[in-house]
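Student: I'd like to ask you about the structure that follows.
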Amino acid sequence: ELKVEQNPLFLSMQEGKNYTIYCNYSTTSDRLYWYRQDPGKSLESLFVLLSNGAVKQEGRLMASLDTKARLSTLHITAAVHDLSATYFCAVDWGSTDKLIFGTGTRLQVFP
Amino acid sequence: SQTIHQWPATLVQPVGSPLSLECTVEGTSNPNLYWYRQAAGRGLQLLFYSVGIGQISSEVPQNLSASRPQDRQFILSSKKLLLSDSGFYLCAWPDRRGNTIYFGEGSWLTVV
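If you want it as structure tokens, here you go:
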């Protein structure tokens, strides 16, 4: 059974600081996704990581994938309030586009 | 481009009443469609997926069912709702090239 774990579950950080969210998964997978969810809203796609060593960046967010360690990270650089949201990682199970989601990391950025 | 429509956006239903949530898609993409549920303050759980008309696979035993009457239509139903069916229901549709998986705007269901 594929399990996906995120940590931390909750992250409160000051504007301008850097931090990393971790996503561990239990079995081999071809793809790893990162999503953002604002309160009461649907999921917004941030990144899809397709291979070992893949790194993608968009603005203050950078995601990486280490398939050997079964680990993905979402790094936040110089956080701003607009980044406050819940972030989910999800792993594609068996190349079927069926996603197994992590528990989510609720990020709060304060002045 | 592709668009996912879900309705209704919000629904309050009494225990024991029926349910029908609809998802329709527009654009060019792959044929697979998915229903997920998010309980309050939690992650998403895959409920059903469909690879084509009339083809439904259930991921977890539950009080819900799904149907795919048309290629671009995916319906989630229940004959008798339970309190535990409350949640945020999301329809998902993969990009044709497999670059990402998009989610609809979702349907909020509260069972009272």
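First to last, the sequence lines map onto chains L and F.
For the first sequence, the numbering used here gives the first residue as 1, with consecutive numbering after it.
For the second sequence, the numbering used here gives the first residue as 1001, with consecutive numbering after it.
For each residue, glycine too, the CB sits at the ideal point set by N, CA and C.
#1: Starting from F:Trp1093 and walking both ways along the beta strand (DSSP E), at which residues does that stretch end?
#2: Give me the DSSP bridge partner(s) of L:Thr67.
#3: F:Gly1106 versus chain L: which residues are under 7 Å apart at the beta carbon?
#4: For the putative contact between F:Trp1035 and F:Ala1066, defined by C-beta atoms under 8 Å, what is the C-beta separation to the nearest angstrom?
#5: Helix or strand or just coil, what does DSSP make of F:Ser1020?
#6: Establish whether the CB of F:Gln1062 and some CB of chain L are separated by less than 9 Å.
#7: Which residue spans inside the region 1030–1111 of chain F form an unbroken beta strand (DSSP E) run of at least 3?
#8: Please confirm whether F:Gln1038 and F:Leu1076 have their CB atoms less than 9 Å apart.
#9: Using the Cα positions of L:Glu15 and F:Ile1056, report the straight-line distance between them to the nearest angstrom.
#10: Counting only Cβ-Cβ distances shorter than 8 Å, please list the residues of the region 1004–1015 of chain F near chain L, keeping chain order.
#11: Note down, in chain order, each residue of its chain lying with its Cβ closer than 8 Å to the Cβ of F:Pro1018, except the 5 sequence neighbours on either side.
#12: Look at the Cβ atom of F:Gly1052, then the Cβ atom of F:Pro1031, and state whether they are nearer than 9 Å.
#13: Could you check if F:Phe1074 is buried or exposed, using at least 16 other CB atoms within 10 Å of its CB as the buried criterion?
#14: Expressed to the nearest angstrom, what Euclidean distance is found between the alpha-carbon atoms of L:Ile100 and F:Asn1063?
#15: Does L:Gln37 pass the burial test, meaning 16 or more other C-beta atoms within 10 Å, or should it be called exposed?
Tutor: In brief:
#1: In the second sequence, residue 1093 of chain F corresponds to position 93, counting from 1. Per DSSP, F:Trp1093 belongs to the beta strand (DSSP E) from 1087–1094.
#2: Walking along the first sequence from the start, residue 67 of chain L turns up at place 67. Looking at the DSSP assignment, L:Thr67 forms no beta bridge with any residue, so it has no partner.
#3: Along the second sequence, read from residue 1 onward, the residue named residue 1106 of chain F stands at position 106. What F:Gly1106 touches in chain L: Ser42.
#4: Against the second sequence, residue 1035 of chain F aligns to sequence position 35. Against the second sequence, residue 1066 of chain F aligns to sequence position 66. Going by Cβ atoms, the distance from F:Trp1035 to F:Ala1066 rounds to 6 Å, so yes, they are a contact pair.
#5: Counting from one through the second sequence, the residue named residue 1020 of chain F turns up at place 20. It is a strand residue.
#6: Within the second sequence, residue 1062 of chain F is the residue found at index 62, counting from 1. Not closer than 9 Å to any Cβ of chain L, the Cβ of F:Gln1062 fails to qualify, so no.
#7: Those beta strand (DSSP E) runs which fall completely within the region 1030–1111 of chain F and span 3+ residues are 1033–1038, 1044–1052, 1055–1058, 1065–1070, 1073–1078, 1087–1094, 1101–1103, 1107–1111.
#8: For the purposes of this step, residue 1038 of chain F is identified with residue 38 of the second sequence, where counting begins at 1. For the purposes of this step, residue 1076 of chain F is identified with residue 76 of the second sequence, where counting begins at 1. Cβ atoms of F:Gln1038 and F:Leu1076: not closer than 9 Å.
#9: Along the first sequence, one-based indexing puts residue 15 of chain L at 15. Along the second sequence, one-based indexing puts residue 1056 of chain F at 56. Approximately 46 Å between the Cα atoms of the pair.
#10: none
#11: Mapped onto the second sequence, residue 1018 of chain F falls at position 18. The answer, listed in chain order, is Ser1077, Ser1078, Lys1079, Lys1080, Leu1081.
#12: By one-based count along the second sequence, residue 1052 of chain F stands at place 52. By one-based count along the second sequence, residue 1031 of chain F stands at place 31. It is a contact, given that the beta carbons lie within the stated cut-off.
#13: Counting from 1 along the second sequence, the entry for residue 1074 of chain F is found at position 74. It counts as buried.
#14: Along the first sequence, read from residue 1 onward, the residue named residue 100 of chain L stands at position 100. Along the second sequence, read from residue 1 onward, the residue named residue 1063 of chain F stands at position 63. Answer to the nearest angstrom: the Cα atoms are 21 Å apart.
#15: Looking up residue 37 of chain L in the first sequence gives position 37. The residue in question, L:Gln37, is buried, as its Cβ has 16 or more Cβ neighbours within 10 Å.
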